[in-house]
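Everything on this sheet refers to the single structure shown next.
In this note's numbering, the protein residues as written are 83 to 261.
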């Protein structure tokens, strides 16, 4: 199993959001998981219905999705754990991304870090809210060393390294969010 499999059974008392970055990776996760009875996911056409079902569910419940990075709110007990299966590196093949990278070589790292913060931010929505998180991609180790300067202070302080160098994002405390 993957590192995600190690995390999921330990969190049977709460709801979990799993960010997969792509539908293909989501499908692989769903097929390989030993915990199919707690997993939910969606197609592009039924996202709102699945979100309502997840929010109404009693733990344990795990929502696996590539598309919950921005604009979704899982405050308080709606989700207490975030799992990032793959560091969300942007697709560098587009002409726009190539031009931005040519102008600023750090741009892809900046975008990646801000996307990670958004993923973890789905489960921390107010000053009293809290969440824990796990990054299950070994690429996070080198990426963090290279790009942590782009992380906000609260996010930077929340990253710990446990269990043989595995990154764990703990005790997330939200920064003030623009309204």
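Just so you know, even glycine gets a beta-carbon here, dropped at the ideal spot from N, CA and C.
| Item | Value |
| --- | --- |
| Beta-carbon separation of residue 123 and residue 108 under 8 Å? | yes |
| Could you tell me the distance, in whole angstroms, from the CA atom of residue 201 to the CA atom of residue 146? | 12 Å |
| Just how far apart, CA to CA, sit residue 233 and residue 151? | 16 Å |
| Is the Cβ-Cβ distance between residue 216 and residue 194 less than 8 Å? | no |
| Does DSSP classify residue 168 as helix, strand or coil? | coil |
| Starting from the Cα of residue 179, find the closest Cα among 97, 191 and 155 and give me that residue. | 191 |
| Please classify residue 204 as buried or exposed, where buried requires at least 16 other C-beta atoms within 10 Å of its C-beta. | buried |
| From the DSSP output, which residues share a beta bridge with residue 101? | 147 and 166 |
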